[in-house]
Structure formats: C-alpha cells, structure tokens
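One structure below.
2 protein chains.
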Amino acid sequence: MLSIQTPTLLLNEDICRANIRRMADKAAAQKVQFRPHFKTHQSLKVGVWFRDVGVSAITVSSLEMAAYFAADGWDDITVAFPVNIREMATINRLAEKISLNLLVVDPASIGILNQQLTAEVGYFIKIDSGYHRTGLEPHETTLIDSILTRAGPYLRFRGFLTHAGHTYGASSAAEALALHRESRHRMQPLRRRYVKEYPQLIISVGDTPGCSLAADFADIDEIRPGNFVFYDVMQYQLGSCKLSDIAVALAVPVVALHPQRHQIVVYGGGVHLSKEWIPATDGLRNYGLVCRLDARGWSSALDGTLVCSLSQEHGCITASLQVISSLHVGDLVAVLPIHSCMTAQCMGGYTTLRGKVIDHG
Amino acid sequence: MLSIQTPTLLLNEDICRANIRRMADKAAAQKVQFRPHFKTHQSLKVGVWFRDVGVSAITVSSLEMAAYFAADGWDDITVAFPVNIREMATINRLAEKISLNLLVVDPASIGILNQQLTAEVGYFIKIDSGYHRTGLEPHETTLIDSILTRAGPYLRFRGFLTHAGHTYGASSAAEALALHRESRHRMQPLRRRYVKEYPQLIISVGDTPGCSLAADFADIDEIRPGNFVFYDVMQYQLGSCKLSDIAVALAVPVVALHPQRHQIVVYGGGVHLSKEWIPATDGLRNYGLVCRLDARGWSSALDGTLVCSLSQEHGCITASLQVISSLHVGDLVAVLPIHSCMTAQCMGGYTTLRGKVIDHG
Numbered sequence: 019m020l021s022i023q024t025p026t027l028l029l030n031e032d033i034c035r036a037n038i039r040r041m042a043d044k045a046a047a048q049k050v051q052f053r054p055h056f057k058t059h060q061s062l063k064v065g066v067w068f069r070d071v072g073v074s075a076i077t078v079s080s081l082e083m084a085a086y087f088a089a090d091g092w093d094d095i096t097v098a099f100p101v102n103i104r105e106m107a108t109i110n111r112l113a114e115k116i117s118l119n120l121l122v123v124d125p126a127s128i129g130i131l132n133q134q135l136t137a138e139v140g141y142f143i144k145i146d147s148g149y150h151r152t153g154l155e156p157h158e159t160t161l162i163d164s165i166l167t168r169a170g171p172y173l174r175f176r177g178f179l180t181h182a183g184h185t186y187g188a189s190s191a192a193e194a195l196a197l198h199r200e201s202r203h204r205m206q207p208l209r210r211r212y213v214k215e216y217p218q219l220i221i222s223v224g225d226t227p228g229c230s231l232a233a234d235f236a237d238i239d240e241i242r243p244g245n246f247v248f249y250d251v252m253q254y255q256l257g258s259c260k261l262s263d264i265a266v267a268l269a270v271p272v273v274a275l276h277p278q279r280h281q282i283v284v285y286g287g288g289v290h291l292s293k294e295w296i297p298a299t300d301g302l303r304n305y306g307l308v309c310r311l312d313a314r315g316w317s318s319a320l321d322g323t324l325v326c327s328l329s330q331e332h333g334c335i336t337a338s339l340q341v342i343s344s345l346h347v348g349d350l351v352a353v354l355p356i357h358s359c360m361t362a363q364c365m366g367g368y369t370t371l372r373g374k375v376i377d378h379g
Numbered sequence: 019m020l021s022i023q024t025p026t027l028l029l030n031e032d033i034c035r036a037n038i039r040r041m042a043d044k045a046a047a048q049k050v051q052f053r054p055h056f057k058t059h060q061s062l063k064v065g066v067w068f069r070d071v072g073v074s075a076i077t078v079s080s081l082e083m084a085a086y087f088a089a090d091g092w093d094d095i096t097v098a099f100p101v102n103i104r105e106m107a108t109i110n111r112l113a114e115k116i117s118l119n120l121l122v123v124d125p126a127s128i129g130i131l132n133q134q135l136t137a138e139v140g141y142f143i144k145i146d147s148g149y150h151r152t153g154l155e156p157h158e159t160t161l162i163d164s165i166l167t168r169a170g171p172y173l174r175f176r177g178f179l180t181h182a183g184h185t186y187g188a189s190s191a192a193e194a195l196a197l198h199r200e201s202r203h204r205m206q207p208l209r210r211r212y213v214k215e216y217p218q219l220i221i222s223v224g225d226t227p228g229c230s231l232a233a234d235f236a237d238i239d240e241i242r243p244g245n246f247v248f249y250d251v252m253q254y255q256l257g258s259c260k261l262s263d264i265a266v267a268l269a270v271p272v273v274a275l276h277p278q279r280h281q282i283v284v285y286g287g288g289v290h291l292s293k294e295w296i297p298a299t300d301g302l303r304n305y306g307l308v309c310r311l312d313a314r315g316w317s318s319a320l321d322g323t324l325v326c327s328l329s330q331e332h333g334c335i336t337a338s339l340q341v342i343s344s345l346h347v348g349d350l351v352a353v354l355p356i357h358s359c360m361t362a363q364c365m366g367g368y369t370t371l372r373g374k375v376i377d378h379g
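Sequences listed follow chains C and Y, in order. Take the first sequence: its letter number 43 is residue 61 in our numbering, and every next letter is one higher. Take the second sequence: its letter number 322 is residue 340 in our numbering, and every next letter is one higher.
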C-alpha cells in the first residue's frame, strides 16, 4: 500500500466478505432466493466470494456483464435491464450456453423476441412499484396480459421484477424502509392475479437500502441487492449500513496543502471517484469522506473532512488546520466514495489491503 | 452507424478538425504558443489532427497521459497538474526522453525534486488567478522566491501557469470573458517582477471559455485550452460555442417508451455519459440534449428533449408526445454530452461517422 503512486481503489476483503455473508444469511433465514446484483463489483474474483457462501444465481445490468460472468462459469443470470433488441445476436449466443433471464418492459419487444430468438430464455415483466424510472404499473394488466399472450415458445415467463430505486432518495432509514415495504405491497395484486396460471411465479425486488433494512421478506421470492457488497457514503447517510461496513476506499496522493483556505488538494478527481455527490452542511457538496491511511488500511472518517469539489484529476478536500498540519505533500489519504458502483466503474479494478490486484469486467 | 448495438461515442471528424483549426489559427494570429490540452480527447488519432495544423507542444493532466503521447512521438509536454512526488520514477523516465514540464504549487515539492530528479525538467509555478482550486496567489512572492531560489540544477524555470476554471461557472459569455480577462490581468505583476531575471518567462493560461471568447491574447504567451476540441452542452450554454460545434454525441438504443409520463428510456447511463449535469428549466436536471440519428450523423437538438435522469446503465429522456410517438423500441438517438471530457473518459474510445474506431488512452 505504501508503494501506491497514483489513485488506487482499495478493497477490504474482510469487510466485503462480511457484507456478502450477512445478506446471504438473511436471505437464507427468510427462505428467499438470493440473486445478488453484480453490477456494483463486476469482478470475477469477488464473484468467487459469493460462490463461497453458496450463491449460484446472479443479476447483471448488461449483456456484456452477463457474457463476462458466463465465461467464468456462472450459468443462471438475470439481465435486469429492459431488453435491448439491437443485441439479439448476443442474447442468442448466451441463451444457448446458460439459463438467461431477460426483462420485458415494452410489449413491442415481444414481437421482435418471438421473431429472432433461437434459444429459450426466461423473462420477467418489469413493474414500476413507485420509482417511476421504467416498468409497467401494477394495474396495467391489459398490457401485462398482452405480453403474456403474445410471448412465443422460446419465452418462458418467470415473474414480476421491480426495483424500488426511490429508496435511495429517502431522507431516513425509516422512510427508505417504508418505501421498500410499499413497493413490495404494490406487487402483491400481481401475485394474486397470476399465481394460478403461473404457480412458479417469482416476485423479485432489488434495492440495497430496503434489503439491508427490512427485517423480513415474507411476501417476496427473490432479492437482488448489489451495492451492499461494498456499500458507500450514500448508503451510510441513508442508514443502510455503518461507516465500518464500507469495503472500498480510494487511496489518493496529496499534491498540495492550502492551509489559508483550509484545503488539501489530492490527485483523485471525477475520473476516479465519479462526479456523484450528496449535499453536505453549509451548502457544500460532499464527493467523499476522508480517512487516514496506513499499511494496515484506512481509519474511520476524519471529522469534518470531506472532498468538496472535483475536477477531472483534482480533488479538493476541506479540512481543519489540525488535519492539514498533520499531512505532507506526497502522503496518501483514503476517500470513502459517495457511490461505490460508479467509483468501481471509473477505476476498473481493485487492490486488496493484502496487495492482491482484482479484476473489474 | 446503423449496426450500433450498445452505447457508442460518435465523433464527427469534420467538426472536430474545424474546432482545432479555428483555435490554432487564432493562436497564430495572436502570436501565442498553442499548447492544447489533450486531457479531453486523450487520443493519438485526434493528436494527429493537431499535428496536421502544426501543433508540436501539448498539455496533459497526468504522467500516464504524458507517457501515452510520448510513446507516439510527442516530445514537448507540460503536465498541468501539481507534481505528484510519488511518481518520481515515471518523471525521470519521461524526462530522459522528452522535454517535460512539471507544475509546482507547493514549495515542499522542490526539496524532493532536487533530491530525486536524474534528468532535467522544466517547471511552471502554478498561480491561483481566481479559481481557488490550487496555486499560489500572485502576491505570494516570498513563496515564489523561495521556490525559485531552492530549485536545483535539474529544474529549469519556464514561467507562471494558471487555469481560470471559474469561467466554467459563469452565467453568461460576457461574465466568462470578464473572468478570463481579470485572471490574465492578475498575472501581469508576476511578469513585471520576474521578467528581468527570466527574460524567457512564459505566462500560460488555459480555460476553453476564455480562449474561445477572447478576441486577443495580447498579454499572455501561451494558451492551453482542451475542451474546445469537442465542446459540449456546458460550453454551448455558456456561449463558448454553437450547438453545431459539438463534435461528439453518444448513440444510445431506445429500450422503452413511456408516453404516459412523457419519457423515453435509453440504454446509456452514468457509466457512459458520466453523472455531470447542469440545471434545466422547471427544476429539472439536464444530463444531455437529445438529437435524432441517421446514417449521416446526428440532427440538431430536439426541442425540449433532454436526458433528465441517469442511473448506472439507464438514461431517462423527457420528451413531447410528438417525439415519443415518432420513435420505436430499438431505434437509436444521439445525446450531446454535458461535459465531453468526462463522457470521453467513461467511454474510452470513439467511432467516427465514417465508422473508424479511434483510441482513447
């Protein structure tokens, strides 16, 4: 770690494995299928840590990711993204090798799938349970019926899938949990209406805040959280995790100290952390919380010390004079990311605290 | 183009070459050194288009980028980022091969450079001319003197460099231009004070809004704009360019139409466009303007049609019923990015309208 020269995404394997085990245990205790979303880590190596707790079915958000994991032996994959009919060749190639589930939002997709599929795929119908990003509303049963009726012999109906992404915008854990519960509640009429015809029907839900906070999963069949594998400052702020559950931090070199403006400049910008931010006090933006770093790992977040602006390669940290005077140009500090999925995507790889380099697809 | 399956960053070579030529001509007419910043495009191929108009000296924002371009024959490179003393081995390797200029902000760096340099480098002192990101203030001549005095035999002083990045936050072209002028004005006492001792002293400025808007560069020696190579919606909004000067657009497949909420969902999210946004009317966020796309390229931006939210892979576009009813699932549309540097970094490559695939380092 002490030999780090440029911004490096550190991964604490112990924390990450504990996050994985906690969610796997909860799913097992609640007797729901655990189909974790791999879009956060996108790593074959981290995938192995999921295999170690018995996970065999996964979720991804693109066919490219599905192909990446399929090549490593994952053979039961849901692509939780509205089917992109421009990628039919990729879909058919994958469907021949693995058990592939697609997501249908628009009845217009069914015609093209019927025409162009050459192998069997499962499909979920995407339901908008309150997030309003995409999906049919639970009461749009005419459209749902039209999808079910039109689906041809290569399309096997698996159930209804929703993502209560609006829990990410909640202002408290209680509100996030209430939104998650309401979202699940809105799925129940669909089960009642369609379960006779489709007794194997799955109700699948996804959000990390809800899956972290909910005490039970009584009325659903499958959970697909992803972010929990690393968590981040946004999840901490929301109450989904403790700060000590955050499994990744960006190690950044200090390149300038500006005590007169209470700022530290680091080599670590929007191309490393992503430009995701949450509001901080005093009208500031929070692009990440700052920790000390030594050979064993990162400390807890330094009080009142946060990344307040980012340009392409620069990060500006606001800090007390006490913190600034304890640092030198050339030191390393660690930044806990606001949104770990985006930071992992920017960095395209990890280094564990033990110095192992880990892939990101 | 019509065979595009997944989000693809299109590059209009004609527009890009015209942007390059316009800025090169302006620099030549004003008799200033044109040292374009290559952090926006990060492409060897686009670099060739700069060579075609006679550019031989460039700016980058990391040693990694410097090495990328040095390997392609660029031998006069300024790394316009506070020197990261953790990368001394890379600095020495590069300095042996090319004419390398570093940026010194913190006097503490000088001691380490003196100790560890094994080849000659040029250095600029970074001046804060109003942006307040990093740099010494023009009146901090004691610190400047201390840098100049302490600099050892391998360090050759080149001049004072500033980046008036606060022009990006201006609310009008007139304000951006005024900030750019004020920033240049603040550099002049430095020239007066140090020019006798350093007659070759260079005053170097960098921002795209200022360099695009200014009619003359009378009081400076070098310009380092970067973004102008592609421009983007942020620059258009600011008045630095016309919409028709934007040289890149992200082609994205339509995956769902939601006429009831006036929305289109596309395969193209924060991992493709970056999460950079600017405020739009009605409290909306603008993550990109939307154009039609056909085999010849993209249209002008569709009235009132913009990307209003982004998640990892999803983009939600707000559009009129007229626009929505003209599209089908599986169609392509093009998104003009808010900040082209970030989008180019996310995408890591380009496809020209003629179908050529182009590198991004």
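Cβ atoms here follow ideal geometry from the backbone N, Cα and C, with glycine treated the same way.
*Beta-bridge partners of C:Glu-155, as assigned by DSSP*: Sequence index remark: in the first sequence, residue 155 of chain C carries index 137 (1-based). C:Glu-155 is not bridged to any residue.
*Hey, which unbroken runs of the beta strand (DSSP E) at 3 residues or more fall wholly within the stretch 266–338 of chain Y?*
Those beta strand (DSSP E) runs which fall completely within the stretch 266–338 of chain Y and span 3+ residues are 266–276, 281–285, 306–312, 315–328 and 332–336.
_Local Cβ density within 10 Å of C:Glu-331, reported as buried at 16 or more and exposed below that_ = In the first sequence, the residue the question calls residue 331 of chain C occupies position 313. With 16 or more Cβ atoms within 10 Å of its Cβ, C:Glu-331 is classed as buried.
*Cβ atoms of Y:Arg-310 and Y:Val-351: under 8 Å apart, would you say?*
Here residue 351 of chain Y refers to the residue found at position 333 when the second sequence is read from its first residue. Here residue 310 of chain Y refers to the residue found at position 292 when the second sequence is read from its first residue. Against a cut-off of 8 Å, the Cβ pair of Y:Arg-310 and Y:Val-351 comes out as a contact.
*With a Cβ-Cβ cutoff of 8 Å, do C:Tyr-149 and C:Phe-175 count as a contact?*
For this step, residue 149 of chain C is matched to residue 131 along the first sequence. For this step, residue 175 of chain C is matched to residue 157 along the first sequence. In this structure, C:Phe-175 does not lie closer than 8 Å to C:Tyr-149 by Cβ.
_Pull the bridge partners of Y:Ile-96 from the DSSP assignment, please._
Indexing the second sequence from 1 puts residue 96 of chain Y at position 78. It should be noted that the sequence gives Thr, not Ile, for residue 96 of chain Y. Paired residue(s): Y:Thr-77 and Y:Asn-119.
*asked:* Can you look up Y:Tyr-368 in the DSSP assignment and give me helix, strand or coil?
replied: The residue given as residue 368 of chain Y occupies position 350 in the second sequence. DSSP places Y:Tyr-368 in strand when its eight states are reduced to three.
*When DSSP builds the beta bridges, which residues end up paired with C:Arg-52?*
Position 34 of the first sequence, counting from 1, holds the residue named residue 52 of chain C. A quick correction: the sequence has Phe, not Arg, at residue 52 of chain C. Beta-bridge pairing links C:Phe-52 to C:Ile-241.
*Do the stretch 202–222 of chain Y and the stretch 250–269 of chain Y touch if we need at least three Cβ pairs shorter than 8 Å?*
no
*Quick one: is C:Val-289 near chain Y, going by C-beta distance under 8 Å?*
To locate residue 289 of chain C, count along the first sequence from 1; it is residue 271. For C:Val-289, the answer is yes, since a Cβ of chain Y falls inside 8 Å of its Cβ.
*At a Cβ cut of 7 Å, what residues of the stretch 358–377 of chain Y count as close to chain C, listed as they run along the chain?*
Cβ contacts with chain C: Cys-359, Met-360 and Gln-363.
*Under the assumption that C:Ser-358 contacts C:Val-273 (Cβ atoms under 8 Å), give the Cβ distance between them as a whole number of angstroms.*
Within the first sequence, residue 358 of chain C is the residue found at index 340, counting from 1. Within the first sequence, residue 273 of chain C is the residue found at index 255, counting from 1. The Cβ separation is near 24 Å, so there is no contact.
*Which partner residues does C:Phe-142 have in the DSSP bridge list?*
For the purposes of this step, residue 142 of chain C is taken as residue 124 along the first sequence, with counting starting at 1. According to DSSP, C:Phe-142 bridges with C:Leu-121 and C:Gly-177.
*What residues from the stretch 253–279 of chain Y come within 8 Å of chain C, judged by C-beta to C-beta, listed N to C?*
Pro-271, Val-273, Ala-274, Leu-275, His-276 and Arg-279
*Kindly indicate the opening and closing residues of the beta strand (DSSP E) around Y:Thr-26.*
As a working note, residue 26 of chain Y is residue 8 in the second sequence. Per DSSP, Y:Thr-26 belongs to the beta strand (DSSP E) from 26–29.
_So Y:Ile-76 and Y:Phe-56 are supposed to be a Cβ contact under 8 Å. How far apart are they, rounded?_
Reading the second sequence from its first residue, position 58 is the one you call residue 76 of chain Y. Reading the second sequence from its first residue, position 38 is the one you call residue 56 of chain Y. Contact flag correct, Cβ pair sits at about 5 Å.
*Name the two residues that bound the continuous alpha helix (DSSP H) containing C:Ala-352.*
For the purposes of this step, residue 352 of chain C is taken as the residue at position 334 of the first sequence. That residue, C:Ala-352, is in no alpha helix (DSSP H); its beta strand (DSSP E) goes 350–355.
*Y:Leu-195 and Y:Ala-232 closer than 8 Å at C-beta*: Counting from 1 along the second sequence, the entry for residue 195 of chain Y is found at position 177. Counting from 1 along the second sequence, the entry for residue 232 of chain Y is found at position 214. Yes, the Cβ-Cβ distance between Y:Leu-195 and Y:Ala-232 is below 8 Å.
*Straight-line Cα distance separating Y:Val-289 from Y:Phe-52*: Reading the second sequence from its first residue, position 34 is the one you call residue 52 of chain Y. Reading the second sequence from its first residue, position 271 is the one you call residue 289 of chain Y. Going from the Cα of Y:Phe-52 to the Cα of Y:Val-289 covers about 32 Å.
*Using a Cβ-Cβ cut-off of 8 Å (strictly less than) and excluding sequence neighbours within five positions of Y:Gly-306, which residues of its own chain qualify?*
Along the second sequence, one-based indexing puts residue 306 of chain Y at 288. Only residues of its own chain outside the window of five on either side were considered, and among them Val-251, Leu-268, Leu-291, Leu-324, Val-325, Gly-333, Val-353, Leu-354, Pro-355 and Ile-356 have a CB closer than 8 Å to the CB of Y:Gly-306, listed in chain order.
*In the structure shown, what three-state DSSP assignment does C:Pro-33 receive?*
Looking up residue 33 of chain C in the first sequence gives position 15. Here residue 33 of chain C turns out to be Ile, not Pro, going by the sequence shown. Helix at C:Ile-33.
*Taking only heavy atoms of the ligand NAD into account, decide whether any of them is closer than 7 Å to the Cβ of C:Val-272.*
Questions concerning the ligand NAD fall outside what the structure shown contains, since it holds no ligand whatsoever.
*Please name the residue, chosen from C:Ala-42, C:Ile-116, C:Tyr-368 and C:Val-50, that lies closest to C:Glu-240 on a Cα-to-Cα basis.*
Taking the first sequence and counting its residues from 1, one reaches residue 240 of chain C at position 222. Answer by Cα proximity: C:Val-50.
*Could you check which residue in C:Thr-336, C:Ala-45, C:Ala-362 and C:Leu-371 has the C-alpha nearest to that of C:Trp-316?*
As a position in the first sequence, residue 316 of chain C is number 298, starting the count at 1. For C:Trp-316, the nearest C-alpha among the options comes from C:Leu-371.
*asked:* Quick check: the Cα distance between Y:Tyr-186 and Y:Asp-300, rounded to an integer number of angstroms?
replied: For the purposes of this step, residue 186 of chain Y is identified with residue 168 of the second sequence, where counting begins at 1. For the purposes of this step, residue 300 of chain Y is identified with residue 282 of the second sequence, where counting begins at 1. Cα-Cα distance, rounded: 22 Å.
*Nearest to C:Ile-145 by alpha carbon, out of C:Ser-344, C:Leu-197, C:Ala-182 and C:Ala-85?*
Residue 145 of chain C sits at position 127 when you count from the first residue of the first sequence. Cα-wise, what sits closest to C:Ile-145 is C:Ala-182.
*Cα-Cα separation between Y:Cys-229 and C:His-280, rounded to whole angstroms*: Along the second sequence, read from residue 1 onward, the residue named residue 229 of chain Y stands at position 211. Along the first sequence, read from residue 1 onward, the residue named residue 280 of chain C stands at position 262. One C-alpha to the other measures close to 30 Å.
*If you drop the 5 nearest sequence neighbours on each side, which residues of the same chain put their C-beta closer than 7 Å to that of Y:Asp-10?*
Absent from the model: residue 10 of chain Y. The displayed extent of chain Y is 19 to 379, so no value can be given.
_Cβ-Cβ distance between Y:Leu-118 and Y:Ala-84 below 8 Å_ = Here residue 118 of chain Y refers to the residue found at position 100 of the second sequence. Here residue 84 of chain Y refers to the residue found at position 66 of the second sequence. Yes, they are a contact pair.
_C:Arg-35 versus C:Gln-134, C:Val-247, C:Leu-275 and C:Pro-227, residue with shortest Cα-Cα distance_ = Against the first sequence, residue 35 of chain C aligns to sequence position 17. Nearest C-alpha to C:Arg-35: C:Val-247.
*Note down the Cα distance separating C:Ile-282 from C:Ile-342, rounded to an integer number of angstroms.*
For the purposes of this step, residue 282 of chain C is identified with residue 264 of the first sequence, where counting begins at 1. For the purposes of this step, residue 342 of chain C is identified with residue 324 of the first sequence, where counting begins at 1. Straight-line Cα distance between these residues: approximately 7 Å.
*What number of angstroms, rounded off, separates the C-alpha of Y:Leu-81 from the C-alpha of Y:Val-97?*
Here the question's residue 81 of chain Y lines up with position 63 in the second sequence. Here the question's residue 97 of chain Y lines up with position 79 in the second sequence. Going by the C-alpha atoms only, they are around 7 Å apart.
*Could you name the residues of the same chain whose beta carbon sits closer than 7 Å to that of Y:Asp-377, not counting the 5 residues immediately before and after it, in chain order?*
Working through the second sequence from its first residue, we reach residue 377 of chain Y at position 359. Cβ within range, chain order: Ser-61, Leu-62, Lys-63 and Gly-367.
*Using 8 Å as the limit for Cβ to Cβ distance, is Y:Pro-100 near chain C?*
Reading the second sequence from its first residue, position 82 is the one you call residue 100 of chain Y. Chain C contact via Cβ: present.
*For the alpha helix (DSSP H) holding Y:Ser-230, just list the boundary residues, first then last.*
In the second sequence, counting from the first residue as 1, residue 230 of chain Y sits at position 212. Start and end: 226–231.
_So, under 8 Å CB-CB, C:Tyr-172 and C:Ala-126 are touching, yes? Tell me the CB distance rounded to an integer number of Å._
Counting from one through the first sequence, the residue named residue 172 of chain C turns up at place 154. Counting from one through the first sequence, the residue named residue 126 of chain C turns up at place 108. Contact flag wrong, Cβ pair sits at about 17 Å.
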